[in-house]
Amino acid sequence: MTKRSAGRRLQRRRKLIKHGGGCHCGRVEFEVMAPARIDVSECNCSICSKSGYLHLIVPKSQFKLLRGAKSLKSYRFNTGVARHLFCSVCGIKSFYVPRSNPDGISVNARCLDGRTIKKVRVKRFDGRHWEENAAKLAHLTRAS
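Below is the structure:
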């Protein structure tokens, strides 16, 4: 493989496309700009493991809430930095403001429509030992 073809492959992987998503009942809908091949984090902290959340963390500029702002309820715990947002009708947390990246949005990859996703790569994240590992996520809200 030449440098030129490798460069083109990297550009295709980084190219942002529009993905749609939302909650179960449809009251909350959003769009997120991300590659067709996404890397997500599977966290083992108490709230993520109980909810089965797969984190696709993006800058706020790459996220747009289309509808449902009035249907969202907020939950905070521990430091109160993370703003967990749930649909008040169906209870699904399709996105939230994460403690690791309070300037970004974490979208639950399980809540994406899926039609535009070519591949999902899941990386494990040790959220049970948050203080030791949080810095590993800090780069995720830098614009691509």
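FYI, the numbering for the sequence shown is -6 to 137, going by the numbering used here.
The C-beta atom is built at its ideal place from N, Cα and C for all residues, glycine as well.
Please classify K86: is it buried, with 16 or more other beta-carbons within 10 angstroms of its beta-carbon, or exposed?
buried
If we define contact as Cβ-Cβ less than 8 Å, is W123 a contact residue for chain C?
Of the protein chains in this structure there is only one, and it is not chain C.
Please confirm whether A75 and V90 have their CB atoms less than 8 Å apart.
yes
Among residues of its own chain, excluding the 5 on either side of Y46, which ones have a beta-carbon nearer than 6 Å to its beta-carbon?
N101
Kindly indicate which three-state DSSP category A27 falls into: helix, strand or coil?
strand
For the stretch 104 to 118 against the stretch 35 to 49, do three or more pairs of beta-carbon atoms, one drawn from each stretch, fall closer than 8 Å, so that the two count as touching?
yes
Enumerated in chain order, which unbroken segments of the beta strand (DSSP E) with a length of 3 residues or greater are wholly contained in the stretch 33 to 92?
If only uninterrupted beta strand (DSSP E) runs of at least 3 residues are considered, those enclosed by the stretch 33 to 92 are 47 to 52, 56 to 60, 65 to 68, 76 to 80 and 88 to 90.
Are the stretch 23 to 30 and the stretch 64 to 83 in contact at 8 Å, needing three or more beta carbon pairs?
no
Which value, in whole angstroms, describes the spacing of the CA atoms of K8 and A27?
8 Å
Suppose the cutoff is 6 Å on Cβ atoms and the five residues either side in sequence are ignored; what does the same chain contact list for C80 look like?
C16, R20, V21 and S64
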